[in-house]
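The structure under discussion appears below in the form of structure tokens.
There are 2 protein chains.
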Amino acid sequence: MMHPSDIADSGEVIAIDWGTSSLRAALMAPDGAVRERIASPDGIMFANGRRFEDIFRALFGEWIARHPGATILASGMIGSRQGWVEAPYAACPAGFEDLARGLVFAEVEGLAKVGFVPGLSIEHDDGVPDVMRGEETQVFGALASLGVSEGVFVLPGTHSKWVRVEGGRIIGFRTFMTGEMFDLLRRHSILGRLMPEGAPKGGEPGEAFDLGCELSGSGTLLHHLFSVRSRGLLGKTAPEQLADYMSGLIIGEEVREARTFFTEAPSPVYLVGRGDLASLYRRALAHYDLQSAALDDGVTFAGLFALARTHRAQMKV
Amino acid sequence: MMHPSDIADSGEVIAIDWGTSSLRAALMAPDGAVRERIASPDGIMFANGRRFEDIFRALFGEWIARHPGATILASGMIGSRQGWVEAPYAACPAGFEDLARGLVFAEVEGLAKVGFVPGLSIEHDDGVPDVMRGEETQVFGALASLGVSEGVFVLPGTHSKWVRVEGGRIIGFRTFMTGEMFDLLRRHSILGRLMPEGAPKGGEPGEAFDLGCELSGSGTLLHHLFSVRSRGLLGKTAPEQLADYMSGLIIGEEVREARTFFTEAPSPVYLVGRGDLASLYRRALAHYDLQSAALDDGVTFAGLFALARTHRAQMKV
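If you're matching them up, the sequences are chains A and B in order.
First residue of the first sequence? That's 1 in the numbering used here, and the numbers climb one at a time after it.
First residue of the second sequence? That's 1001 in the numbering used here, and the numbers climb one at a time after it.
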């Protein structure tokens, strides 16, 4: 694993985190510092018939004109079959060098070459496959930022990932559909109807969240979720607390199960993500006696930067 | 428990199963035989501003004119707070007589009196409340039809119920959001997008369903569900099999958990419901070594009939 400071002599890096619903990018100096940022709603599901190449030209033409020698890398769903250029999944265990070797480059005519980061695939012990795309870059970025080469990384979100790293390589991971499940139930189920519209969260999670975590200790969501309704109907939980309670049930079940796959892992667990979600996870992790340390999601840019350097080093060999 | 044949000397019964999305009714002879049937899409969520009383008059005026002395009972969501007249939940354990005593009657002016069947509520050992409304009538109908006074009854559906009966009383039950969960995931999640539109089921469940059941043996749906996506993406399960696989995962998890609450129960488990759903459940129950016997959902009318007789007997005392 190379640390950004070891390789600060190369050129600029344009790091693009191009996901399903949005895009974030950074123009990074040769020493890894972020000089400029772009945030755009042009996620791959919102291209609406526009070519990804045209979106790219419009967003990045100016940076590239200023820094024609920059290394340009994109991670996330843009490298999937539904994206711009498919970068096939690399198999776990996979280290930084494997990921760099799996980069797939495409020429944007007359402008630049763009490298797409591969996702990772794994087959669990029970023969079931699992995949990630985008989170691998965050994890390697976290390793580079922290200067560590092992640990458990939790990346909450639509499809929450738990990732085990040993010797600088991702040796295992598990996906949980936690965020999507919450969203489906909130927006489309009979449970959502009992919850006030758009109640802003704000502040720390409360007692209702803890109650949900507590109940998640055994049994199954399929049963526990119905208690959101029965508590609401019988007046045992106030309507504005029901979403918090449901969140505790779902995140609690994720943590309960996930920790059984990572029992040998060192403490603390590293939590990568947005502030409000991270604070819910910290609370659920604590409920299950797991210590955690929070990292912000700037680690994606750090990951892309380190990957660009590793790629350059591989090219020189 | 009275058997219909003990009390065949009273008048006709109009039995109404009035649920969320539809309504079914039977005009029953004094001996319990179904003479005529009505099926209508006028479930309580489709009233669209019409008064329930007006729907009732339009559907049942003619039957009542012919049989002015008939006892009229309605079970299901029509007796909920969102329905016509609320019949408060009776607490478990509850027997047939408790249910009959909990009937709430309303006068439809100049036409008839209608009795609404109460739902049941329970507090589980972990302090969590649970409720049912409509299924209690099916279970008591099944008891009357089978001439038994104990057993475990499984009522698959949007909110699947497992009900334990001892000495003719419902002593416990658990709800699982199985049907709604399947529907949410099929219609609104990223998993549904991989499944062909409106693939007709038809025939027996296949290997993909069994594979889902197998995987449900440990762990959590939150994780297993993502394998619907990874199997689809990696070509390990064909698109037209993915819904069956997902169904096996969800129903399997229900059965895995539910049976732990009913370990002392006699065999077979009684399965009440539609043919195609019943065949999925029979397969999942067999996977978990539970013997089952299937009952059709005509048991609702048998339950309302027996309840009408019990009510008349209570009135005479």
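Every residue, glycine too, gets a C-beta built ideally from N, C-alpha and C.
Exercise. How would you label B/Lys1161, buried or exposed, when you count the other beta carbons within 10 angstroms and need 16 or more for buried?
Worked result: buried
Exercise. Any contact of the stretch 1115–1123 of chain B with the stretch 1082–1099 of chain B, i.e. 3+ C-beta pairs under 8 Å?
Worked result: yes
Exercise. Does DSSP classify A/Pro239 as helix, strand or coil?
Worked result: helix
Exercise. How big is the Cα-Cα spacing for B/Ser1247 and B/Gly1212?
Worked result: 7 Å
Exercise. By a C-beta neighbour count over all protein chains shown, 10 Å radius and 16 as the cutoff for buried, is A/Met177 buried or exposed?
Worked result: Buried, because 16 or more other Cβ atoms sit within 10 Å of the Cβ of A/Met177.
Exercise. Which chain A residues sit within Cβ distance under 7 Å of B/Gly1219?
Worked result: Glu257
Exercise. A/Leu290 lies in the alpha helix (DSSP H); which residues open and close that run?
Worked result: Counting along the chain, A/Leu290 falls outside any alpha helix (DSSP H), and DSSP gives it neither H nor E.
For this session: Would you please verify whether the beta carbon of B/Glu1254 is less than 8 Å from any beta carbon of chain A?
Result: yes
Exercise. How is the alpha helix (DSSP H) around A/Phe209 delimited, first residue to last?
Worked result: Here the alpha helix (DSSP H) through A/Phe209 covers Glu207 to Leu215.
Exercise. Exposed or buried, what is A/Arg66 when buried is set at 16 or more other beta-carbons lying within 10 Å of its beta-carbon?
Worked result: Exposed: under 16 other Cβ atoms inside 10 Å.
For this session: Hey, could you find the ends of the alpha helix (DSSP H) A/Arg57 is sitting in?
Result: Phe52 to Arg66
Exercise. Along chain A, which residues have their Cβ under 7 Å away from the Cβ of B/Met1181?
Worked result: Leu222
Exercise. Got a sec? Which residues, its chain only, sit under 8 Å from A/His223 by beta carbon, not counting five neighbours each side?
Worked result: None.
For this session: Below 6 Å CB to CB, which residues in the same chain sit around B/Glu1136 once its five sequence neighbours on both sides are set aside?
Result: Excluding sequence neighbours, B/Glu1136 sits near Leu1120.
Exercise. Got a sec: is the Cβ-Cβ distance from A/Ile190 to anything in chain B below 8 Å?
Worked result: yes
For this session: Could you tell me which uninterrupted alpha helix (DSSP H) segments, each at least 4 residues in length, are contained entirely in the stretch 1113–1153 of chain B, listed from first to last along the chain?
Result: 1135–1146
For this session: Let me know the secondary structure DSSP gives A/Gly167 once reduced to three states.
Result: DSSP places A/Gly167 in coil when its eight states are reduced to three.
For this session: Tell me whether A/Gly179 sits in a helix, a strand or coil according to DSSP, three-state version.
Result: Helix, per DSSP.
Exercise. Is DSSP giving B/Thr1071 helix, strand or coil here?
Worked result: strand
For this session: Would you kindly check if the distance between the Cβ of A/Ile14 and the Cβ of A/Phe52 is under 8 Å?
Result: no
Exercise. Would you say A/Thr220 and B/Glu1257 are within 8 Å of each other, going by their C-beta atoms?
Worked result: Closer than 8 Å, so yes.
For this session: Would you mind sorting A/Gln138 into buried or exposed? The rule is 16 or more other CB atoms within 10 Å of its CB.
Result: buried
Exercise. Terminal residues of the continuous beta strand (DSSP E) containing B/Arg1035?
Worked result: Its beta strand (DSSP E) spans residues Val1034 to Ser1040.
Exercise. What does A/Tyr270 pair with, by DSSP beta-bridge criteria?
Worked result: When beta bridges are read from the DSSP output, A/Tyr270 appears opposite A/Phe153 and A/Ala293.
Exercise. For the alpha helix (DSSP H) that contains A/Arg193, what are its first and last residues?
Worked result: Here A/Arg193 belongs to no alpha helix (DSSP H), and DSSP marks it neither H nor E.
Exercise. Can a CB atom of chain A be found closer than 8 Å to the CB of B/Ala1128?
Worked result: Residue identity check: residue 1128 of chain B is Val in the sequence provided, not Ala. Yes, B/Val1128 lies at the interface with chain A (some Cβ there is under 8 Å from its Cβ).
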